[in-house]
Each structure stands twice: as C-alpha cells, then as structure tokens.
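J.:
In this note's numbering, the protein residues as written are 35 to 357.
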C-alpha cells in the first residue's frame with residue numbers, strides 16, 4: 035500500500051509539472067513505430083561522432099577540472115599539450131566502448147519502449163516521448179555502469195602517465211596499457227570494482243533522460259507558441275536549437291546528482307558518501323560542491339543530446355522515408 039502511495043505521488047507530481055506541455059504536445063507529436071535495431075546502430079554511430087568532434091574533450095575537461103581544481107583554461111591547455119592525443123584522451127578502448135554501447139542501448143531502448151507504448155491507446159503521444167526516454171535512460175544505466183567504471187579506472191591511470199610525461203605508445207600500445215590498468219584494479223578489488231553504484235547509475239540515467247526530454251518538450255512548445263502558426267511545428271534548425279537548449283537546461287536540476295556520482299563510485303578509503311560530501315561542502319560551499327562547473331556541463335549535455343537525439347532521428351527519418 036505504501037509503495038502504491040509513493041508511486042501515485044510521483045506520478046501526480048510529474049503530471050502536474052508537465053501536464054500543460056504534454057496536453058498541447060499530444061496534438062502535434064509525431065511519434066511512430068521504429069526499428070529498434072536500426073535506431074540503435076544509428077545512435078551508436080552519432081554518439082561516437084560527437085565524441086570525436088569535441089564531446090569527449092568536454093567530458094574529460096569536466097572530470098579533470100573536478101580532480102585538479104584548476105581554472106578551465108589551465109586544465110584545457112594541459113590536456114591539449116599532447117595534441118590530438120590529448121583531445122581524444124581516453125577514447126580507445128574504453129571511451130569508444132562506452133560511447134558505442136550507450137548510444138546503441140539508448141537508441142534501441144527508446145524505440146523499443148516507444149513501440150510498446152504505441153500499443154496502448156490510453157497513452158497520449160505527447161507522453162510517450164517522455165516515458166520511453168525515462169525507461170531508455172534506465173536501460174542505458176545498466177550497461178553504462180560497469181563500462182564507465184572501467185573507463186574511470188583506466189583514465190586515472192592514463193592521467194598519471196600523462197602527468198609523468200610518458201608519451202603515447204600508439205593505438206595498440208595504449209590498448210594493452212588500458213587492459214593492464216583494468217586487470218590490476220580487478221585483481222585488487224575483484225569484479226565488484228565494475229558494479230559499484232550501479233543502482234544509483236540506473237536511477238541517475240533515468241532522471242537524466244527524463245529531465246532532458248521534459249525540458250526539450252517544453253522549449254519546443256514555447257518556441258512553437260511564438261510562431262505565426264503554432265500548429266505548423268518547428269523547422270529542423272529550430273528543433274536542433276531547442277534540443278540543445280532544452281537538454282542543457284536540465285543540468286539546472288540534475289547537476290547535484292552528477293556531482294555525487296564520482297563520490298559514490300570512487301575509492302573513499304572507508305569513508306561514507308556523506309562524510310566525503312561534508313568535507314567537500316566545507317571546502318567549496320554548497321554551490322561550489324553541488325553546482326560547480328555547471329556551464330561546461332550544460333554545453334556538453336546540449337552537444338551530446340543534439341547528436342544522440344536530433345541527428346540520429348533525422349538520419350533515421352531519412353532512412354524510414356526511403357523505405
């Protein structure tokens with residue numbers, strides 16, 4: 035009974051926060067059944083592309099900023115001293131594995147749940163995009179958790195090598211070094227090192243993508259209202275900008291959870307998450323600890339979502355219409 039009461043309250047809260055947006059969007063939403071396999075492969079490709087075109091650098095810049103506590107220009111210059119190797123640091127093999135897997139899972143799961151919801155006529159089309167996004171985020175979290183932890187362990191080892199002035203040993207050399215770093219971590223802590231914080235990761239990815247789809251929908255709706263014919267919809271470039279701004283805006287409410295994940299997944303030396311958090315708040319203040327670095331996070335999320343959602347959908351629509 036208590037569980038039903040909690041789920042009912044959550045459902046009512048989400049409904050009240052977005053009811054006007056969902057009601058209006060349901061009249062114009064163009065949600066169709068999709069091939070989950072094709073959409074997954076397309077999204078995997080677009081995510082890899084955005085990583086190589088700056089997404090990976092932005093993500094690494096954010097993480098290094100948290101580790102080094104130096105100004106962004108200083109951190110960026112340090113990373114770029116190695117040229118393209120610094121720009122694409124951590125891409126091979128775990129960055130590529132993470133990007134490809136999270137793209138494939140997101141695209142395929144989003145289409146899978148979207149198709150499932152379309153079989154229920156009681157679900158408005160305006161809600162399907164949001165609900166399928168939340169569930170796809172959870173599926174992504176299950177896959178991302180172990181892969182991201184592996185990448186985090188490897189990146190830390192590579193960072194220490196870079197700071198020591200060790201030069202890159204080529205693609206295969208870096209691959210072998212990465213495997214050794216990960217193998218050493220597993221020998222010390224066991225495979226548990228790849229499952230730390232997995233439930234939190236699943237919850238976080240569900241919240242991340244739920245917020246992104248909700249904010250993107252709100253921005254698109256408000257933009258359409260300002261047009262001479264609100265029912266005509268948005269042009270492709272307008273949808274792209276709305277995707278960037280809407281998804282980026284979700285950082286305003288989700289940044290604290292993003293800052294907590296490294297604490298949860300890190301080796302805390304026997305300290306609890308709250309102990310570590312209290313120390314960081316004492317050193318940086320509440321805003322610095324929970325919302326610090328929000329600007330670069332907003333840009334990164336907007337960039338990533340534009341490729342993972344907008345570009346992949348445009349490519350799929352072209353393929354779909356050709357069939």
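Built from N, CA and C at the ideal position, the CB exists for glycine as well.
Using only alpha-carbon positions, find the residue among 144, 123 and 261 that is nearest to residue 88.
T.: Ranking 144, 123 and 261 by Cα distance to residue 88 puts 123 first.
J.: For the alpha helix (DSSP H) containing residue 256, name the first residue and the last one.
T.: Here the alpha helix (DSSP H) through residue 256 covers 232-259.
J.: Counting Cβ pairs closer than 8 Å, one from the segment 235-253 and one from the segment 280-296, do we hit at least three?
T.: Yes, the segment 235-253 is in contact with the segment 280-296.
J.: Can you grab the Cα-Cα spacing for the pair residue 83 / residue 150, in whole Å?
T.: Looking at the two C-alpha atoms, the distance is approximately 29 Å.
J.: Identify whether residue 65 lies in helix, strand or coil by the three-state DSSP scheme.
T.: Residue 65: coil per DSSP, three-state reduction.
J.: I need the straight-line Cα distance from residue 265 to residue 252, nearest angstrom please.
T.: Whole-angstrom Cα-Cα distance: 15 Å.
J.: Go ahead and pull the three-state DSSP assignment for residue 175.
T.: Helix, per DSSP.
J.: Quick check: what's the CA-CA separation for residue 243 versus residue 144?
T.: When rounded, the distance between both Cα atoms is 10 Å.
J.: Short of 7 Å in beta carbon distance, which residues of its chain neighbour residue 314, apart from the five on each side in sequence? Order them along the chain.
T.: Cβ within range, chain order: 323.
J.: With 16 as the cutoff for other CB atoms within 10 Å, does residue 55 come out buried or exposed?
T.: The pLDDT assigned to residue 55 is 49, lower than 50, so where the model puts this residue is not dependable, and the model offers no usable value.
J.: Comparing C-alpha positions only, which one of 141, 245, 147 and 319 sits nearest to residue 279?
T.: Nearest of 141, 245, 147 and 319 to residue 279, Cα basis: 245.
J.: State the DSSP-derived secondary structure class of residue 116, mapped to helix, strand or coil.
T.: Three-state result, residue 116: coil.
J.: If you pair each beta-carbon of the segment 258-273 with each one of the segment 325-334, do three or more pairs fall below 8 Å?
T.: No: the two stretches stay apart, fewer than three of their Cβ pairs being nearer than 8 Å.
J.: Residue 263 by DSSP, collapsed to three states: which one?
T.: DSSP places residue 263 in coil when its eight states are reduced to three.
J.: Identify whether residue 268 lies in helix, strand or coil by the three-state DSSP scheme.
T.: If DSSP states are grouped into helix, strand and coil, residue 268 belongs with coil.
J.: Are residue 229 and residue 179 closer than 9 Å when you measure CB to CB?
T.: Contact flag set, yes.
J.: Whole angstroms is fine: what's the gap from residue 43's alpha carbon to residue 287's?
T.: Caution applies to residue 43, whose pLDDT of 46 falls short of 50 and renders its modelled position unreliable; the model cannot decide the point.
J.: If distances are taken between C-alpha atoms only, which option among 350, 65, 81 and 105 comes closest to residue 129?
T.: That would be 81, whose Cα lies nearest to the Cα of residue 129.
J.: Checking 9 Å against the spacing of the C-beta atoms, do residue 137 and residue 342 come in under that value?
T.: It is a contact, given that the beta carbons lie within the stated cut-off.
J.: Return the Cβ separation of residue 148 and residue 162 in integer angstroms, given the expectation that the two are a contact with Cβ distance under 8 Å.
T.: Rounded, the Cβ-Cβ distance is 6 Å, consistent with contact.
J.: CB residue 142 to CB residue 74, shorter than 9 Å?
T.: Yes, the Cβ-Cβ distance between residue 142 and residue 74 is below 9 Å.
J.: Determine the direct distance from the alpha carbon of residue 165 to that of residue 331, and round the result to whole angstroms.
T.: Using only the alpha carbons, I get a separation of about 24 Å.
J.: How long is the line joining the alpha carbons of residue 353 and residue 90, rounded to whole angstroms?
T.: Answer to the nearest angstrom: the Cα atoms are 27 Å apart.
J.: DSSP state of residue 229, grouped into three classes?
T.: The answer is coil: DSSP assigns residue 229 none of H, G, I, E or B.
J.: Would residue 232 and residue 168 qualify as a contact pair, given that the criterion is a beta-carbon distance under 9 Å?
T.: No, these two residues do not count as a Cβ contact at 9 Å.
J.: Out of 312, 306, 339 and 226, which has the shortest C-alpha to C-alpha gap to residue 277?
T.: The residue with the shortest Cα to Cα distance from residue 277 is 339.
J.: Apply the 10 Å Cβ neighbour rule to residue 102 and answer buried if 16 or more other Cβ atoms are within range, or exposed otherwise.
T.: It counts as exposed.
J.: Just to confirm the assignment, what range does the alpha helix (DSSP H) spanning residue 145 have?
T.: That run of the alpha helix (DSSP H) goes 130-152.
J.: Can you tell me where the alpha helix (DSSP H) holding residue 70 begins and where it ends?
T.: Where residue 70 is concerned, the enclosing alpha helix (DSSP H) stretches over 70-84.
J.: Where does residue 36 land, buried or exposed, given buried means 16+ other C-beta within 10 angstroms?
T.: Its pLDDT being 41, under 50, residue 36 is placed unreliably in this model, and the value from its coordinates should be taken loosely. Exposed, by the Cβ-count rule.
J.: Could you pull out every residue in the same chain whose Cβ sits closer than 6 Å to the Cβ of residue 120, ignoring the five residues on either side in sequence?
T.: Hits under 6 Å: 113 and 114.
J.: Compare the beta carbon distance of residue 282 and residue 345 with 9 Å and say whether it is the shorter of the two.
T.: Their beta carbons are not under 9 Å apart, which means residue 282 does not touch residue 345 by this criterion.
J.: Beta carbon of residue 77, beta carbon of residue 131: below 9 Å?
T.: Cβ distance not < 9 Å, so residue 77 and residue 131 don't count as in contact.
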